[in-house]
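One rule links them: number in my numbering = place in the sequence shown (from 1) + 18.
Built from N, CA and C at the ideal position, the CB exists for glycine as well.
Nothing here was measured: the structure is a model prediction, and the numbers come from that model.
See below for the structure under consideration.
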Amino acid sequence: MALLQLERISAQYPGAAEPVLADISLSLGPRQLLVALGPSGSGKTSLLNL
């Protein structure tokens, strides 16, 4: 059973040439942990702001 499930999520800031997130899917169940790693500008904060 998923406590959080995202399917095919995309996000783009106004005026941006490309989406910051494109076709992202994830599923987190009980007692699972998500670690978002990546360089600056890779969409970590944008994912958490959903």
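Coarse secondary structure for S43, derived from DSSP in three states: The answer is strand: DSSP assigns S43 an E or B state.
Neighbourhood of L44 by C-beta distance below 6 Å, restricted to the same chain and skipping five residues each side: Within the same chain, L44 has close Cβ partners L24.
DSSP state of S60 mapped onto helix, strand, coil: Three-state result, S60: coil.
Beta-bridge pairing of Q23 - partner residues as DSSP gives them: According to DSSP, which records beta bridges pairwise, Q23 is partnered with S45.
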